[in-house]
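Peer 1:
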Amino acid sequence: MGQSGVSVASDDSIQLAHGGGGQLTAELIRDVILPALGGQRAEGLTDAAVLAGDGPMAFTTDSYIVQPLEFPGGDIGKLAVCGTINDLAVSGARPVALSLSLVLQEGLQIALLERVLASAGRAARDAGVEIVTGDTKVLPRAALDGMVINTSGVGAMLPGASLGFDRIEPGDAVVLSGPLGEHGLAVMSCREGLAFATELRSDCASLHELTAALIGELGEAVRFMRDPTRGGLAAVVVEIGQSCGCDVEIDEAALPGNATARAAADMLGLDVLTVANEGKLVAFVAAAAADRAAALLRPFDVAAAAAVIGRVGQRSDSPLVEMVTSAGGRRIVQMPYGEELPRIC
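Numbering (the working numbering), first residue to last: 723 to 1067.
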């Protein structure tokens, strides 16, 4: 028993003492966290994981605060694992290992925590990545809503990966792996209790196989990659255009479509270009490799609708992103000012 007199086995919710570093913390790690994640024995835990590797490595970190914690197509655990894997993948790295740290609200149901962690563990195993270290803290009920997860990841750079803003050239093509806005709109619809004839599901998925296929086949013809999360496609393409000093043109008619997502965006007064995605890839590639890049992506279930959606224009001191609309007009695509949908990831 811990100092509170409550153990994991005898209570179904998180207590402040679970974050105190004592017996209840040890029980939570041993009985809930490690079994769900499929990790090592508690007796073998040290303060740091030692990883073997040769050559350049990539390192990234991110925190996840999505509400609700579970949503159609995913949950905060799957999201945290896939999100960090994707940050490594679009940087040209093969994900190797993750950390996963929890900040839990006092009173959080342990059954919910177990579901979230089991989902995180599945996502890591499916990607061939091990969760090797982590931490747990507990805050009073009034200080937190549910939980926060932080994941950090290390990856080994893939042979042939040569990515950077400075490698993007006029005439390069823009490739998108699938329909926009599914994650943000699925979470928002779930949060607000909205229903549609076809259920909206988050696109939350790992992209490491997609990026490895592109780099392995096309090498340096892959100029730059990014996953369009917060701020959506608009934020990513505007940032890339500004960073490489080139105009970018997007063809609205070429964008892969999800009719339910577009209907939800229209109903909520949102632009699908600015809504978060958690399983989409944007790749800037040499023009001669554009069609091949899209074809390489389509065999993957998460990228079956991959398409060439635009091109890089001329160099400019004030780069613009323009979209050629389906009606034949042109509109300027701007960086979103703030966060239209809070707590989406």
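Built from N, CA and C at the ideal position, the CB exists for glycine as well.
Any contact between the segment 885-894 and the segment 855-866? By contact I mean 3 or more CB pairs, one from each, below 8 Å.
Peer 2: The segment 885-894, when compared against the segment 855-866, does not touch it at the 8 Å Cβ threshold.
Peer 1: Does the CB of residue 863 have a neighbour CB from chain C at under 8 Å?
Peer 2: Note that chain C does not occur in the displayed structure, where there is just one protein chain.
Peer 1: Give me the residue from 760, 1055, 1066 and 829 with the minimum Cα distance to residue 957.
Peer 2: For residue 957, the nearest C-alpha among the options comes from 1055.
Peer 1: Once the 5 residues before and after residue 724 are set aside, which same chain residues still bring their CB inside 7 Å of it?
Peer 2: With a pLDDT of 37 at residue 724, under the threshold of 50, the modelled position of this residue cannot be trusted; read the value that follows with caution. Excluding sequence neighbours, residue 724 sits near 739, 744, 745 and 746.
Peer 1: Leaving out five residues before and five after residue 735 in sequence, what residues of the same chain have Cβ atoms less than 7 Å from its Cβ?
Peer 2: Once the five neighbours on either side are set aside, the close Cβ partners of residue 735 are 829, 830, 831 and 832.
Peer 1: Report the option in 977, 924 and 855 whose CA atom is closest to the CA atom of residue 897.
Peer 2: The shortest Cα separation from residue 897 among 977, 924 and 855 belongs to 977.
Peer 1: Alpha carbon to alpha carbon, how far is residue 960 from residue 949?
Peer 2: Answer to the nearest angstrom: the Cα atoms are 13 Å apart.
Peer 1: Are at least three pairs of beta-carbons, each pair with one atom in the segment 897-916 and one in the segment 985-997, less than 8 Å apart?
Peer 2: The segment 897-916 vs the segment 985-997: in contact.
Peer 1: Tell whether a beta-carbon distance below 8 Å holds between residue 1103 and residue 937.
Peer 2: With the chain running from 723 to 1067 in the structure shown, residue 1103 is simply not present.
Peer 1: Tell me which residues share the same chain as residue 778 and place their Cβ nearer than 8 Å to its Cβ, disregarding the 5 neighbours each side in the sequence.
Peer 2: Cβ within range, chain order: 878 and 879.
Peer 1: Just checking my contact of residue 955 with residue 1003 at CB under 8 Å: how many whole Å lie between their CB atoms?
Peer 2: Wrong, their Cβ atoms sit about 11 Å apart, outside the cutoff.
Peer 1: Starting from the N-terminal side, write out each stretch of the beta strand (DSSP E) that is 3 residues or longer and does not extend beyond the segment 939-971.
Peer 2: Entirely contained in the segment 939-971, the beta strand (DSSP E) runs reaching 3 residues are, in chain order, 944-948.
Peer 1: Mind checking residue 1037: buried by the 16 CB within 10 Å criterion, or exposed?
Peer 2: Classification for residue 1037: exposed.
Peer 1: Within a Cβ cutoff of 7 Å, which residues of the same chain sit near residue 892, ignoring the five residues on either side of it in sequence?
Peer 2: Excluding positions up to five away in sequence, the list reads 968, 1034, 1035, 1036 and 1037.
Peer 1: Whose CA, out of 913, 1065 and 926, lies closest to the CA of residue 796?
Peer 2: Comparing Cα-Cα distances from residue 796 to each of 913, 1065 and 926, the minimum goes to 926.
Peer 1: Tell me the DSSP secondary structure of residue 933 in three-state form.
Peer 2: Note: residue 933 maps to helix in three-state DSSP.
Peer 1: On the three-state DSSP scale, how would you describe residue 872?
Peer 2: Residue 872: strand per DSSP, three-state reduction.
Peer 1: Which one of 1006, 786, 1027 and 1050 has the shortest CA to CA distance from residue 838?
Peer 2: That would be 786, whose Cα lies nearest to the Cα of residue 838.
Peer 1: Look at the alpha carbon of residue 732 and the alpha carbon of residue 741, and state the distance between them as a whole number of angstroms.
Peer 2: In this prediction, residue 732 has a pLDDT of 49, which is less than 50 and means its spatial position is unreliable; what the coordinates show is noted afterwards. The alpha-carbon atoms of residue 732 and residue 741 are separated by roughly 17 Å.
Peer 1: Look at the alpha carbon of residue 847 and the alpha carbon of residue 866, and state the distance between them as a whole number of angstroms.
Peer 2: Answer to the nearest angstrom: the Cα atoms are 29 Å apart.
Peer 1: Can you check the segment 736-815 for any beta strand (DSSP E) of at least 3 residues that lies completely inside it and give the ranges in chain order?
Peer 2: Whole beta strand (DSSP E) segments, 3+ residues: 779-786.
Peer 1: For residue 942 and residue 792, what's the separation of their Cα atoms in angstroms?
Peer 2: Approximately 39 Å between the Cα atoms of the pair.
Peer 1: Buried or exposed: which applies to residue 790, given that a residue is buried once 16 or more other Cβ atoms fall within 10 Å of its Cβ?
Peer 2: It is exposed - the Cβ of residue 790 has fewer than 16 other Cβ atoms within 10 Å.
Peer 1: Looking only at its own chain, which residues have a Cβ that is under 7 Å from the Cβ of residue 836, when we skip the five neighbours before and after it?
Peer 2: Closer than 7 Å at Cβ, skipping near neighbours: 754 and 758.
Peer 1: Nearest by alpha-carbon distance to residue 809: which of 825, 971 and 783 is it?
Peer 2: Here the closest residue by C-alpha is 783.
Peer 1: Is DSSP giving residue 924 helix, strand or coil here?
Peer 2: In this structure, residue 924 counts as coil in the three-state DSSP scheme.
Peer 1: Along the beta strand (DSSP E) that carries residue 1032, what are the first and last residues, could you check?
Peer 2: It spans 1029-1037 - the beta strand (DSSP E) in which residue 1032 sits, taken as one unbroken run.
Peer 1: Just tell me which of 853, 844 and 1007 has its CA closest to the CA of residue 946.
Peer 2: Among 853, 844 and 1007, the Cα nearest to that of residue 946 belongs to 1007.
Peer 1: So, with DSSP's three-state summary, where would you put residue 898?
Peer 2: Residue 898: strand per DSSP, three-state reduction.
Peer 1: According to DSSP, is residue 1048 helix, strand or coil?
Peer 2: Three-state result, residue 1048: coil.
Peer 1: Quick one: Cα of residue 1020 to Cα of residue 1043, how far?
Peer 2: Distance between the alpha carbons of residue 1020 and residue 1043 is about 26 Å.
Peer 1: According to DSSP, which residues form a beta bridge with residue 1053?
Peer 2: DSSP output for residue 1053 lists 1045 as bridge partner(s).
Peer 1: Residue 944 to residue 983, Cα distance in whole Å?
Peer 2: Roughly 29 Å between the two C-alpha positions.
Peer 1: Just list the residues that DSSP pairs residue 881 with in beta bridges.
Peer 2: In DSSP, residue 881 forms no bridge with anything.
Peer 1: Quick one, are the C-beta atoms of residue 1017 and residue 1005 less than 8 Å apart?
Peer 2: Going by C-beta atoms, residue 1017 is not nearer than 8 Å to residue 1005.
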